[in-house]
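A.B. asks:
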Amino acid sequence: MVNGITAAGQAAQMYAADDAAKNTRKTDDNAKASSSKDAVVYEKSSSTDYKTISSMSKSDRAGIVAQLKADADARTSQLKSLVEKMFTKQAGVDLTSKSSWDEMLKAGVFDADTIAQAKKDVADDGYWGADQTSDRILSFASALAGDDKEKMQQMVDAFKKGFSQATKAWGTNLPDLCQNTYKAVMDKFDSWFKDNE
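The number in my numbering is simply the position in the sequence shown, starting from 1, with 122 added.
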């Protein structure tokens, strides 16, 4: 299994490097052609076509998996930095003690910048919001399963298992954001199966 993941990662890196080179050439050409025009603003598509991802070649899907992993790593690092910054402002917090973490989080003693960034990140249109998170989960599942319905069902089962484990670790029902994300993911899985009948 590890070798399969490593091989997929290597294939994805080669794909990403080739894709980056192509994008650089396109960007250079576009910059020359429109140097006197206003900048173009990229807007994320309002819907993701998981059917397209599912029908891609294995190497293209590996590239998507690698991109999703890299993006998740970068965003997780950003979130970790935000939390670390928040903790460094708390006097007398023992970061090795679970009860200290719980107490601080439940107390809700955060600075204005941390609150603003967290609200932005978990907003409906934020990176950690239900819509974008469910899109990433479905893109990842589609890239791994391809058009194999049995593998996609394994992705559904794994998602449910992970959500159950997270709920158990939390000790009670997860917050509304998590519940909304769960519902969005399950709706998107249902749509994937309907589209692939």
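For every residue, glycine included, the Cβ atom is placed at its ideal position computed from N, Cα and C. Computed from a predicted model, the values in this text were never measured in an experiment.
Counting C-beta neighbours from all protein chains within 10 Å, is the total for Thr-303 16 or more, i.e. buried, or is it exposed?
C.D. replies: Burial call: buried.
A.B. asks: Roughly how many angstroms separate the alpha carbons of Trp-292 and Phe-281, rounded to a whole number?
C.D. replies: Going by the C-alpha atoms only, they are around 16 Å apart.
A.B. asks: Count the other C-beta atoms from every protein chain shown that fall within 10 angstroms of the C-beta of Lys-310, then say buried if there are 16 or more, exposed otherwise.
C.D. replies: Answer is buried; the Cβ neighbour count reaches 16.
A.B. asks: Can you tell me where the alpha helix (DSSP H) with Met-274 in it begins and where it stops?
C.D. replies: Segment 271-292, the alpha helix (DSSP H) holding Met-274.
A.B. asks: Taking the beta carbon of Ser-264 as the centre, do at least 16 other beta carbons fall within 10 Å, making it buried, or is it exposed?
C.D. replies: Its Cβ being crowded by 16 or more others within 10 Å, Ser-264 is buried.
A.B. asks: Count the other C-beta atoms from every protein chain shown that fall within 10 angstroms of the C-beta of Phe-262, then say buried if there are 16 or more, exposed otherwise.
C.D. replies: Per the 10 Å Cβ criterion, buried.
A.B. asks: So, are the CB atoms of Leu-204 and Val-244 less than 7 Å apart?
C.D. replies: Cβ distance not < 7 Å, so Leu-204 and Val-244 don't count as in contact.
A.B. asks: Please report the straight-line C-alpha distance between Thr-198 and Gln-275, rounded to a whole angstrom.
C.D. replies: Distance between the alpha carbons of Thr-198 and Gln-275 is about 27 Å.
A.B. asks: If Ala-306 and Ala-252 are in contact, beta carbons under 8 Å, what's the gap, nearest whole angstrom?
C.D. replies: Yes, they are in contact, since the Cβ atoms of Ala-306 and Ala-252 sit about 5 Å apart, within 8 Å.
A.B. asks: To the nearest angstrom, how far is the alpha carbon of Thr-289 from that of Asn-295?
C.D. replies: Thr-289 and Asn-295: Cα-Cα distance of roughly 6 Å.
A.B. asks: Based on Cα-Cα distance, which residue from Lys-180, Gln-189, Lys-202 lies nearest to Ile-259?
C.D. replies: Nearest of Lys-180, Gln-189, Lys-202 to Ile-259, Cα basis: Gln-189.
A.B. asks: Quick check on Asp-195: buried or exposed, where buried means 16 or more other Cβ atoms within 10 Å of its Cβ?
C.D. replies: With fewer than 16 Cβ atoms within 10 Å of its Cβ, Asp-195 is classed as exposed.
A.B. asks: Does the Cβ of Ala-184 have 16 or more other Cβ atoms within 10 Å, making it buried, or fewer, making it exposed?
C.D. replies: It counts as buried.
A.B. asks: The alpha helix (DSSP H) with Asp-243 in it runs from where to where?
C.D. replies: Where Asp-243 is concerned, the enclosing alpha helix (DSSP H) stretches over 234-244.
A.B. asks: Return the residue from the list Glu-206, Trp-250, Ser-256 that minimises the CA-CA distance to Phe-232.
C.D. replies: Ranking the options by Cα distance to Phe-232, first place goes to Glu-206.
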